[in-house]
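Engineer:
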Amino acid sequence: MNIGAASQGKGKKKSSAWWRVLRWAFLAGVVPLLVTGVMLVIALQWVGVPILQDLRGYAVGMFHPQGHSTAVVSHQTTTATAAENTALHQQVQQLEAQLGKAQQTVQTLSTETQKLQQKLGTLSDAKVQAQREAAIVGGMDPQSAAAMLLKLPEDQAAWVIALLPQSQSAQVLAQMDTTHAAQLLVRSAQLNGGLGNSVP
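Under numbering that gives the first Met the number 0, the first residue of the sequence shown is numbered 0, with each subsequent residue one higher.
1) How would you write the range of the alpha helix (DSSP H) that V40 sits in, first residue to last?
2) Return the CA-CA distance between L163 and Q182, expressed in angstroms with no decimal places.
3) Quick check: what's the CA-CA separation for T107 versus G47?
4) Quick check: the Cα distance between V40 and L33, rounded to an integer number of angstroms?
5) Roughly how many angstroms lie between the CA atoms of T76 and A96, to the nearest whole one?
6) Would I160 and M147 qualify as a contact pair, given that the criterion is a beta-carbon distance under 9 Å?
7) Would I132 be called buried (16 or more neighbouring beta carbons within 10 Å of its own) or exposed?
8) Leaving out the 5 sequence neighbours to the left and right, which residues in its chain are closer than 6 Å to G138 when beta-carbon positions are compared?
9) Hey, which unbroken runs of the alpha helix (DSSP H) at 4 residues or more fall wholly within the stretch 126-198?
10) Measuring straight from C-alpha to C-alpha, what distance separates P141 and Q167?
11) Report the rounded CA-to-CA distance for N191 versus D176, giving the unit in angstroms.
12) Kindly indicate which residue of W45, D154, W18, K114 has the alpha-carbon position closest to the one of V185.
Structure representation (structure tokens):
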């Protein structure tokens with residue numbers, strides 16, 4: 000009896016020791032692998048890799064092949080849509096840059112137009128003033144008219160010469176110094192051509 004009990008006690012001790020070794024191997028080997036795998040999945044998911052969706056898609060595909068193909072097609076469609084959105088965003092940025100350049104060009108042209116309009120207005124004002132003076136000079140004798148023109152600024156005097164009839168302007172210029180008369184004649188031709196007018 001004692002021998003049978005002793006052998007039974009030894010068998011229990013061996014099986015419990017064996018069980019302890021298995022438990023230790025499981026805790027030391029399998030559990031760390033499971034924990035590492037779970038942490039890796041969480042890290043990939045956090046970085047942006049849709050690992051859980053892919054795993055779910057594969058799991059569905061194993062049992063339902065049609066569901067797996069639907070998940071794959073859905074993933075591909077999402078990727079293609081994201082690529083199209085990126086391309087469209089880049090095109091919008093390029094168009095906005097081109098629009099900005101076009102607006103700058105329009106602004107520059109507008110500024111230049113304003114400057115030209117101001118210059119044209121100044122020339123028109125000078126011409127109107129010269130027409131009044133030409134009417135006065137036209138009633139004078141050539142010597143008095145020449146004396147009056149010598150007192151005016153060169154551009155204004157040139158306008159008056161340009162607006163006088165050719166025969167009268169020739170008589171007035173004949174009363175002046177040859178060099179000054181030639182300068183007035185050249186300048187009057189420039190001013191007259193600038194506005195597209197002809198000497199009456």
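Quick reminder that beta carbons are idealized off the backbone N, C-alpha and C, glycines included.
Here the structure is a predicted model, which means the values were calculated and not measured.
Structural biologist: To lay it out plainly:
1) 30-46
2) 16 Å
3) 48 Å
4) 11 Å
5) 30 Å
6) no
7) The amino acid at residue 132 is misidentified as Ile; the sequence shows Glu. Looking at its Cβ environment, which holds 16 or more other Cβ atoms inside 10 Å, E132 is buried.
8) none
9) 141-150, 153-162, 165-173, 177-193
10) 8 Å
11) 22 Å
12) D154
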